[in-house]
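J.: Residues in the sequence shown are numbered from 20 upward in steps of one, following this note's numbering.
Glycine included, every Cβ here is placed at the ideal spot set by N, Cα and C.
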Amino acid sequence: MKRTFIDLSITLDPDVITDPPFMRPSIAYQTHDQTVAELQTFFPGVTAEQVPGGLGFAASETLTLSTHNGTHLDAPWHYHPTMNGGERAITIDEVPLEWCFQPGVKLDMRHFPDGHVVTADEMAAALNAAGHTLRPLDIVLINTAAGAALGQADFLAKGCGIGYEATLYLTSRGVRVTGTDAWSWDAPFGHTAKRIEETGDTSLIWEGHKAGRDIGYCHMEKLTNLDRLPCNGFMVSCFPAKIKNGSAGWTRAVAILND
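1) Determine, using beta carbons only, whether Leu82 and Ile111 come nearer to each other than 7 Å.
2) Would you call the stretch 244 to 254 and the stretch 213 to 228 in contact, with 3 or more CB pairs under 8 Å?
3) So is Asn264 buried or exposed if we call it buried at 16+ other beta carbons inside 10 Å?
4) Note the first and the last residue of the continuous beta strand (DSSP E) segment covering Leu82.
5) Kindly provide the ranges of any alpha helix (DSSP H) runs that are 4 or more residues long and lie completely inside the stretch 129 to 154, ordered along the chain.
6) Assess, as a yes-or-no matter, whether the stretch 67 to 78 is touched by the stretch 40 to 56 under the definition of 3 or more beta carbon pairs within less than 8 Å.
7) Taking the alpha carbon of Ser28 as the point to measure from, which residue in Ala143, His87, Gly219, Met142 has its own alpha carbon closest?
8) Along the beta strand (DSSP E) that carries Thr197, what are the first and last residues, could you check?
9) Threshold first: 4 residues or longer. Then list the alpha helix (DSSP H) segments lying entirely within the stretch 176 to 219, N to C.
10) Please identify the residue among Asp173, Gly166, Arg271 whose C-alpha is closest to the C-alpha of Arg129.
11) On a CA-only basis, which of Val114, Ala145, Gly219 is nearest Phe258? Give me that one, please.
12) Taking the beta carbon of Arg22 as the centre, do at least 16 other beta carbons fall within 10 Å, making it buried, or is it exposed?
13) From this set, Leu58, Ser191, Trp96, Ile262, which residue's C-alpha is nearest Leu156's C-alpha?
14) Closer than 7 Å by C-beta to Leu175: which residues in its own chain qualify, once you throw out the five before and the five after it? Chain order, please.
15) Which residue wins for smallest C-alpha separation from Trp204, given the options Pro33, Asp34, Asp93?
16) For the beta strand (DSSP E) containing Glu240, name the first residue and the last one.
17) Distance, Cα to Cα, His135 vs Gly209?
18) Checking the sheet assignment: what are the DSSP bridge partners for Glu106?
19) Mind checking which residues open and close the alpha helix (DSSP H) that includes His87?
20) Flag this pair as touching only if the stretch 116 to 130 and the stretch 146 to 163 have three or more C-beta atom pairs under 8 Å; answer yes or no.
21) Drop a sphere of 10 angstroms on the beta-carbon of Thr66, count the other beta-carbons inside from all chains shown, and report buried for 16 or more, exposed for fewer.
22) Nearest by alpha-carbon distance to Asn244: which of Asn162, Asp173, Gly180, Ile262 is it?
23) Could you give the distance in angstroms between the alpha-carbon of Glu217 and the alpha-carbon of Trp96?
24) Need the endpoints of the alpha helix (DSSP H) that Val273 sits in, please.
25) Leu58 lies in the beta strand (DSSP E); which residues open and close that run?
What follows is the structure in structure tokens.
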């Protein structure tokens, strides 16, 4: 059976704006001729010219980054110490693998203005527009206006966010993994800060994330290419890096379509 694979992960590139300045990654590159010292710890006295091909040892990269750089899967531990009404929240190395390879549904929310907080009714309407009835463990992907702004200076302020009730609308129906092409599952912080200034209501901080206190779930952030997906009829693979006690893990998320 012929299949099409659509890459849903962004490239980890320090020169592309996908995070605020304080948490941007860095990558130190070493070419083959720059790792001869490492070679000689294994093979004392061997020179770059003596290695087969004569061009040195191994290209390598050293990264300084957060588990929340790039496209990643957040574990319930990231949102709060507890989940499911009081249980210890699971970390990324404890996320059930079956959560991470399931049928996907793409919801188009690009029409919502930046900073809009999606409600449960709007989530239901989006599912209806997609012609999809949720099934347990479906992976729900939200295509926002942020997807088209990747790498732009205003990327972090773009796109809608998913509110508390909208998140519970999904998780109460058995969804355990969701995703967005925005920087955060929640509305951009600048918009939320204005609402808090106007209302004094600090429960608005991370309301979508904090829904994990009631029902534990994972979400992906900084996805890409969601505009290339159909509404449904595809599988999503999003296994995270296995980091002990981690709050998140990088993922090479992929949509798989049968042609």
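T.: On the basis of the supplied data:
1) On the sequence shown, residue 82 is found 63 positions in, with the first residue counted as 1. On the sequence shown, residue 111 is found 92 positions in, with the first residue counted as 1. Contact flag unset, no.
2) Counting C-beta pairs closer than 8 Å gives fewer than three between the stretch 244 to 254 and the stretch 213 to 228, which falls short of the contact rule.
3) Taking the sequence shown and counting its residues from 1, the one referred to as residue 264 is at position 245. Exposed, by the Cβ-count rule.
4) Within the sequence shown, numbered from 1, the residue matching residue 82 stands at position 63. Where Leu82 is concerned, the enclosing beta strand (DSSP E) starts and stops at 79 to 83.
5) With a minimum length of 4 residues, the continuous alpha helix (DSSP H) runs that stay inside the stretch 129 to 154 are 139 to 148.
6) Touching, yes, given that three or more Cβ pairs across the two stretches are closer than 8 Å.
7) As a position in the sequence shown, residue 28 is number 9, starting the count at 1. Looking at the Cα atoms, His87 is the closest of the given residues.
8) Position 178 of the sequence shown holds residue 197. 196 to 199 is the extent of the beta strand (DSSP E) around Thr197.
9) As far as the stretch 176 to 219 is concerned, its whole alpha helix (DSSP H) runs of at least 4 residues are 183 to 190, 208 to 218.
10) Along the sequence shown, read from residue 1 onward, the residue named residue 129 stands at position 110. Among Asp173, Gly166, Arg271, the Cα nearest to that of Arg129 belongs to Gly166.
11) As a first step, residue 258 is located in the sequence shown; it is residue number 239 there, counting from the start. Comparing Cα-Cα distances from Phe258 to each of Val114, Ala145, Gly219, the minimum goes to Val114.
12) In the sequence shown, counting from the first residue as 1, residue 22 sits at position 3. So Arg22 ends up on the exposed side.
13) For the purposes of this step, residue 156 is taken as residue 137 along the sequence shown, with counting starting at 1. It is Ser191.
14) On the sequence shown, residue 175 is found 156 positions in, with the first residue counted as 1. Leaving aside the five residues that flank Leu175 on each side, the residues in its chain whose CB is nearer than 7 Å to its CB run, in chain order, Pro39, Trp202, Pro207.
15) Numbered from 1 along the sequence shown, position 185 holds the residue referred to as residue 204. The option with the nearest alpha carbon to Trp204 is Asp93.
16) For this step, residue 240 is matched to residue 221 along the sequence shown. First-last of the beta strand (DSSP E) with Glu240: 237 to 240.
17) As a working note, residue 135 is residue 116 in the sequence shown. As a working note, residue 209 is residue 190 in the sequence shown. About 12 Å.
18) Counted from its first residue, the sequence shown places residue 106 at position 87. DSSP lists Met102 as partners of Glu106.
19) Stepping through the sequence shown from its first residue, residue 87 is reached at position 68. Segment: none, His87 is in no alpha helix (DSSP H) and carries neither H nor E.
20) Yes, they touch.
21) As a working note, residue 66 is residue 47 in the sequence shown. With fewer than 16 Cβ atoms within 10 Å of its Cβ, Thr66 is classed as exposed.
22) The residue given as residue 244 occupies position 225 in the sequence shown. Relative to Asn244, the option among Asn162, Asp173, Gly180, Ile262 whose CA is nearest is Asn162.
23) The sequence position of residue 217 within the sequence shown is 198, counting from 1. The sequence position of residue 96 within the sequence shown is 77, counting from 1. When rounded, the distance between both Cα atoms is 30 Å.
24) In the sequence shown, the residue the question calls residue 273 occupies position 254. DSSP places Val273 in no alpha helix (DSSP H) but in the uninterrupted beta strand (DSSP E) bounded by 273 to 277.
25) Counting from one through the sequence shown, the residue named residue 58 turns up at place 39. That residue, Leu58, is in no beta strand (DSSP E); its alpha helix (DSSP H) goes 55 to 61.
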